[in-house]
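Protein sequences, first through last, are from chains A, B and C.
By the count of our numbering, the first sequence reaches residue 448 at its end, each step adding exactly one.
By the count of our numbering, the second sequence reaches residue 1612 at its end, each step adding exactly one.
By the count of our numbering, the third sequence reaches residue 102 at its end, each step adding exactly one.
The C-beta atom is built at its ideal place from N, Cα and C for all residues, glycine as well.
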Amino acid sequence: MKIGLEIHVQLPTKSKMFCSCPTTDAPAPNTHVCPTCLGMPGSRPVLNRKVLEYGIMLAKMLGCKVADTTWFSRKTYFYPDMSKSVQITQYDNPIGEGGVYYLNGKKPIRITRIHVEEDPGKTKRVGDLSSLIDYNRSGIPLAEIVTEPDISTPAEAREFLGQLIEDIRHVIALPGDGERSIRCDCNISVGKERCEVKNVTGLKNVERALTFEMIRQTKILKAGGKIDRETRRFDEERGVTISVRKKEFEADYGYIDEPDLGIYHLKEMADAIKIKESPQKMALRLAHEYGIDQKAAKQLVTTSVGLAETFEAVAKELGVQNAVKWVSGPVSAGWKAMEARGGSPDDVVPIIRRFVAGEITDTECALEIKCAMTGESAESVKGASGDLDKIIGEFLDQNPAIIADYAKNEKAANKAIGFVMKQSGGRFSSAEVVEAVRKDIESRM
Amino acid sequence: MTMRSILSGLKETNAKYRMFHAMTEDSDPGDAKFLFSAKDNLTSADMETCSGSKILVGYRPPFDAESIAKMRAAGGKLIGKCNMDEFGFGTFSTNSGLEIPRNPYDLERACGGSSGGSACAAAVFEGHVSLGVSTGGSICCPASFCGVYGIAPTYGRVSRYGLIDYGNSLDKIGVISADAKDLRKYTHIIAGKDAKDPTSCAQPEFKDTGRKLKSVAIPKEGVEGLSKDVEKAFFEAVERLRSMGVDVESIDMPSLKYAMPAYYVLATSEASTNLARYVGMRYGQQEGDHSLKFDDYFSYFRSKYFGDEAKRRILLGTYTRMAGFRDRYYAKALKVRQVVIKDYKRAFETHDAVLAPTMPFSAPRFDDISGMSALDSYKADYLTVPANIAGTPHISVPCGYGSDGMPIGMQFVADHWDEEVLFDAAEEWEKGFEMRKPEVGA
Amino acid sequence: MDRETVERVARAAHIKLTEAELERYSKDLNDILSYFELLDEAPDCEESGVNPIEVADVLRDDEPRMDADPDVLLRGMDTYERYIRGPRLS
């Protein structure tokens, strides 16, 4: 089975792609519109610089070659939401081509191309009699990322999208609800012929639509049937895909160059743009550079890129061992609490420094870090952790087998962790409990 | 004719010549410094704008075209929107969905196209200037048929903001007037960078103001297939140029014959995408049955309101950019454009301008036009199309009159951004040229 | 350009042709395309610019602003509760 995706991501510009209308939520239909995004005769597009910048950032993130020169094309098709019946998109010389994305840091998913284009408006059905159109969305910039058919299963497609979106969100500062605004055209072939499921919204639906298609195509092939090359759409409520049109009725877009905009030299712009490392890449690099387990590295960046940065700072200055011991340990355990109270991780490095210099003991260091993270006083932390240590100690005293089991399989600790979590009634964070249990077990080994 | 008398007789004059599709109701010029008109594909907030098409009837643009706004800012009063071929699709202004303008020298003859109403107004109203638009010759052709001066400046010289597009890589807004000096004056007013039209932002300043025309090249390919009247008038004019001290040399420009097919491929490819927006929604005609499926609803409007030539060019342009044919037609035409530009640049290395008759014949009679095939009328553009596909500025000046008394024009083409040498050519030519004004009476 | 192609092109362009129009346009387009065969022999060229002059790097800053009053724009349009009316979708 082969799956390829065409992923549409709205770019977080303040104004639209070819006009100055705001991209923020509009108070009512057709309020963020002007002659350009309504396609009125005589209006003209002017390109938003930020769209090219975001496009270049994503192209770089995906390891694409950024074009030296790029321009736009007109894709002609007739639909009520497309105000000019022409979409300004890219055909020849897109912003980026020929990249690769490593799923879980391992499996390569080749990226065919990335280009930028304008979003159409939104249609609303009125019974079966007519439609109503809101052009507020018309002209919002999109990046379209096209992959080669390198994805093997619907679940893998979802996993890939999840990681990709996390990376995109980080690199171009996409706002939180980005996941729902991701739209995909999904190409899937179980046998030789492929079908395209158009415009599927959200990760979960991509997996559902692909799974439905996989089963549908498999059934047809098993029964000796033939898959028709066609475009289908996904019915979210019923969870099924429905044929929209056969290949021979595909629209002919008749691409031509867009003469109203001219061309763009990207080289200088691309050289000047440095992108933030994506979370997936950072995890890979941390694992590689500091010789830590890939899962542990992933755990760091998933908790927060800030945590991973703290890890790296400590590893560089005070050695990997201390970074693993302190940052993956108590700093990580207290991270959410620190974020919740709007704190900063700046204070923890000097604490670890003092530990390394031998100024404070192991226990003192742990205590100070915890205070720095949670903002609580030393007394209350001491008391609480005393409680925690006491519960753990007593449990392990009564269940010494756990220590022996742990030596064979670290999962043995789960029994103690589960008990303590239940016993303490949520007073301690799971990270904290895990950390304390491990420490106690290891001290007994 | 004072401004006031023009205004008070406007309706009557228009009834005779049909130059305007929409016109002002005012009879008082107020504090206007001059009167002007504009081709009806330039949007005007105070007058209906239809671009010669039935599909746009009822369209009141919410904004003025930049060129109209600049004319108003300079003290001009817009008196009318000029009839034209639908969306600019024609050589005679007879492909109009609205009204067909009449030639001021002979009402049974065409004004030329597609800025026919503009050239007509420039010939009829005294001291009048009209804005025209050229895609493949639509300023120079009607200027020559109506015996007036017309300039299509360099592509990108005048902002196209507010121009209802025909071919976006070809369209140029320019000036038509019976007075050669108006061309310089009003081109300077409407030219300039406009942030609302990126293609206007590449232009340099007008260079070498006052630069004189010293030498012209006449391509052999540009003096083939001329009518007897045109041939005679043109070569007499060349003699007069020589006597004025201009060097004249005959050259080869082999690429010119490819310009016509390349032009029609580019123009119709672009036009068919520009016209895709007219679907009976948002503006113009909107009275359809919404319970039709969108494909049928759109087709209903487009089939009902587009005229014959608009449909032909939409079909042609849709075909030439279709997958499978795109490389042979559209992509090749883009390359041919570069070849034509190179040919011109070569000529400009040794000459100030390239000269040829504007049209191979003078204004034809309406009944002769109705007998012409589409291809016949496309072929009639072979002299104006090369400069248009190259985006080089060109000017038509009246150079004589035929045995039937109809005016004949010749066209100077200069290098990109070198309008000044054309202004000089027209102004020098005008001195001592015996202009025969049409007899204008209601 | 055979009849079938003309029909296909007309469908793509959303223009319905009567029998007589189909006949006429097929003939016209064939004449025109035969003439266009000239292009096949035209010299080739490395460059193929988007515009006849170079227009490059014209960009706008990302500053939101309303250039026109949407209420004025909607005035001439067929609307329902600020939505623009359109035909049936399927």
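Below 8 Å on the Cβ atoms is my guess for residue 259 (chain A) versus residue 1336 (chain B); work out the distance and round it to an integer in Å.
Taking the first residue of the first sequence as position 1, residue 259 (chain A) is located at position 256. Taking the first residue of the second sequence as position 1, residue 1336 (chain B) is located at position 166. At roughly 14 Å, the Cβ-Cβ gap does not stay under 8 Å, so residue 259 (chain A) and residue 1336 (chain B) are not in contact.
Could you give the distance in angstroms between the alpha-carbon of residue 383 (chain A) and the alpha-carbon of residue 404 (chain A)?
Here residue 383 (chain A) refers to the residue found at position 380 when the first sequence is read from its first residue. Here residue 404 (chain A) refers to the residue found at position 401 when the first sequence is read from its first residue. C-alpha separation (whole angstroms): 32 Å.
Considering Cα atoms alone, identify which of B:1484, B:1436, B:1565 is closest to residue 1503 (chain B).
As a first step, residue 1503 (chain B) is located in the second sequence; it is residue number 333 there, counting from the start. Of the listed residues, the one whose Cα sits closest to residue 1503 (chain B) is B:1436.
On a Cα-Cα basis, can you pick out the residue from A:272, A:62, A:297, A:157 that is closest to residue 109 (chain A)?
Here residue 109 (chain A) corresponds to residue number 106 of the first sequence, with the count starting at 1. For residue 109 (chain A), the nearest C-alpha among the options comes from A:297.
If you pair each beta-carbon of the segment 1473-1484 of chain B with each one of the segment 1510-1529 of chain B, do three or more pairs fall below 8 Å?
Taking 8 Å as the limit for Cβ pairs, the verdict is that the segment 1510-1529 of chain B does not touch the segment 1473-1484 of chain B.
Rank B:1192, B:1203, B:1218 by C-alpha distance to the C-alpha of residue 1271 (chain B) and give the top, closest one.
To locate residue 1271 (chain B), count along the second sequence from 1; it is residue 101. It is B:1192.
Under a Cβ-count criterion, where at least 16 other Cβ atoms within 10 Å of its own Cβ denotes burial, should residue 92 (chain C) be classed as buried or exposed?
Here residue 92 (chain C) refers to the residue found at position 80 of the third sequence. Residue 92 (chain C) comes out exposed.
Please go through the same chain and pick out, in chain order, the residues whose beta-carbon is closer than 8 Å to the beta-carbon of residue 414 (chain A), but skip the five residues on each side of it.
One-based indexing of the first sequence puts residue 414 (chain A) at position 411. Hits under 8 Å: none found.
For residue 1201 (chain B), count neighbouring Cβ atoms within 10 angstroms of its own Cβ and tell me buried if that reaches 16, exposed if not.
One-based indexing of the second sequence puts residue 1201 (chain B) at position 31. Exposed: under 16 other Cβ atoms inside 10 Å.
Bridge partners of residue 1333 (chain B), per DSSP?
For the purposes of this step, residue 1333 (chain B) is taken as the residue at position 163 of the second sequence. DSSP output for residue 1333 (chain B) lists B:1212 as bridge partner(s).
Taking the continuous beta strand (DSSP E) assigned at residue 1356 (chain B), which residues delimit it?
Locating residue 1356 (chain B) in the second sequence gives position 186, where the first residue counts as 1. From DSSP, residue 1356 (chain B) is part of no beta strand (DSSP E) but of the alpha helix (DSSP H) over 1350-1360.
Pull up the distance between the alpha-carbon of residue 163 (chain A) and that of residue 106 (chain A), whole angstroms please.
As a working note, residue 163 (chain A) is residue 160 in the first sequence. As a working note, residue 106 (chain A) is residue 103 in the first sequence. Using only the alpha carbons, I get a separation of about 6 Å.
Curious, which full-length beta strand (DSSP E) runs of at least 3 residues does the segment 350-415 of chain A contain?
For the segment 350-415 of chain A, not a single whole beta strand (DSSP E) run of length 3 or above is found.
Going by C-alpha to C-alpha distance, which of B:1174, B:1567, B:1545 sits closest to residue 1411 (chain B)?
Locating residue 1411 (chain B) in the second sequence gives position 241, counting from the first residue. Looking at the Cα atoms, B:1567 is the closest of the given residues.
How would you list, in chain order, the residues of chain C whose beta-carbon sits under 7 Å from the beta-carbon of residue 36 (chain A)?
Position 33 of the first sequence, counting from 1, holds the residue named residue 36 (chain A). Simply 82, 85.
Bridge partners of residue 102 (chain A), per DSSP?
Within the first sequence, the letter at position 99 stands for residue 102 (chain A). For residue 102 (chain A), which the question treats as bridged, DSSP gives the partners A:114.
Does the beta-carbon of residue 197 (chain A) have 16 or more other beta-carbons within 10 angstroms, so that it is buried, or is it exposed?
Mapped onto the first sequence, residue 197 (chain A) falls at position 194. When all chains shown are included, residue 197 (chain A) counts as buried.
Nearest CA to the CA of residue 1268 (chain B): which residue from B:1223, B:1409, B:1274?
Sequence index remark: in the second sequence, residue 1268 (chain B) carries index 98 (1-based). Comparing Cα positions, the closest option is B:1223.
Does DSSP classify residue 1290 (chain B) as helix, strand or coil?
Counting from 1 along the second sequence, the entry for residue 1290 (chain B) is found at position 120. Residue 1290 (chain B) falls in the helix class under three-state DSSP.
When we look at the beta-carbon of residue 83 (chain C) and count the other beta-carbons within 10 Å, is it buried (16 or more) or exposed?
Along the third sequence, one-based indexing puts residue 83 (chain C) at 71. By the neighbour-count rule (16 or more Cβ atoms within 10 Å), residue 83 (chain C) is not buried but exposed.
Taking the alpha carbon of residue 1532 (chain B) as the reference point, which residue from B:1558, B:1572, B:1539, B:1513 has its own alpha carbon closest?
For the purposes of this step, residue 1532 (chain B) is taken as residue 362 along the second sequence, with counting starting at 1. With distances taken between Cα atoms, residue 1532 (chain B) lies closest to B:1572.
Below 7 Å between beta carbons: does that hold for residue 18 (chain A) and residue 79 (chain C)?
Working through the first sequence from its first residue, we reach residue 18 (chain A) at position 15. Working through the third sequence from its first residue, we reach residue 79 (chain C) at position 67. It is not a contact, given that the beta carbons lie outside the stated cut-off.
Mapping the DSSP letters down to three states, classify residue 431 (chain A) as helix, strand or coil.
In the first sequence, residue 431 (chain A) corresponds to position 428, counting from 1. Three-state result, residue 431 (chain A): coil.
Would you verify that the beta carbon of residue 88 (chain A) is, or is not, closer than 7 Å to some beta carbon of chain B?
Locating residue 88 (chain A) in the first sequence gives position 85, where the first residue counts as 1. Chain B contact via Cβ: present.
Given this structure, state the Cα-to-Cα distance separating residue 262 (chain A) from residue 1592 (chain B), to the nearest angstrom.
By 1-based counting over the first sequence, the position of residue 262 (chain A) is 259. By 1-based counting over the second sequence, the position of residue 1592 (chain B) is 422. Approximately 26 Å, taken between the alpha carbons.
Measure from the C-beta of residue 1224 (chain B) to each C-beta in chain C and report whether the shortest distance is under 7 Å.
Looking up residue 1224 (chain B) in the second sequence gives position 54. So no, residue 1224 (chain B) is outside the interface.
Assuming contact is defined by CB atoms lying nearer than 7 Å, are residue 436 (chain A) and residue 269 (chain A) in contact in what I supplied?
Indexing the first sequence from 1 puts residue 436 (chain A) at position 433. Indexing the first sequence from 1 puts residue 269 (chain A) at position 266. No; because the gap between Cβ atoms is not below 7 Å, this pair is not in contact.
Determine the burial state of residue 465 (chain A): buried for a count of at least 16 other Cβ atoms within 10 Å of its Cβ, exposed for fewer.
Nothing in the structure corresponds to residue 465 (chain A), since chain A is present only between 4 and 448.
Counting only the same chain and skipping the five closest in sequence on each side, list residues whose C-beta sits under 7 Å from that of residue 1230 (chain B).
Counted from its first residue, the second sequence places residue 1230 (chain B) at position 60. Hits under 7 Å: 1218.
According to DSSP, is residue 1438 (chain B) helix, strand or coil?
Counting from one through the second sequence, the residue named residue 1438 (chain B) turns up at place 268. Helix at residue 1438 (chain B).
Please list the terminal residues of the continuous alpha helix (DSSP H) segment that includes residue 70 (chain A).
Within the first sequence, numbered from 1, the residue matching residue 70 (chain A) stands at position 67. That residue, residue 70 (chain A), is in no alpha helix (DSSP H); it is neither H nor E in DSSP.
Are residue 1323 (chain B) and residue 1282 (chain B) closer than 7 Å when you measure CB to CB?
Here residue 1323 (chain B) refers to the residue found at position 153 of the second sequence. Here residue 1282 (chain B) refers to the residue found at position 112 of the second sequence. The answer is no: Cβ separation not under 7 Å.
Compile a chain-ordered list of the residues in the segment 66-78 of chain C whose CB is closer than 8 Å to at least one CB of chain A.
Cβ contacts with chain A: 66, 67, 68, 69, 70, 71, 72, 73, 74, 75, 76, 77, 78.
Can you find a CB in chain A that lies within less than 7 Å of the CB of residue 1492 (chain B)?
Residue mapping note: residue 1492 (chain B) aligns to position 322 of the second sequence, counting from 1. Yes, because at least one Cβ of chain A sits closer than 7 Å to the Cβ of residue 1492 (chain B).
Compute the distance between the beta-carbons of residue 1342 (chain B) and residue 1319 (chain B), then report whether it is under 7 Å.
For this step, residue 1342 (chain B) is matched to residue 172 along the second sequence. For this step, residue 1319 (chain B) is matched to residue 149 along the second sequence. Not a contact, by the Cβ cut-off of 7 Å.
Comparing C-alpha positions only, which one of A:241, A:194, A:202 sits nearest to residue 225 (chain A)?
Sequence index remark: in the first sequence, residue 225 (chain A) carries index 222 (1-based). Out of A:241, A:194, A:202, A:194 has the C-alpha closest to the C-alpha of residue 225 (chain A).
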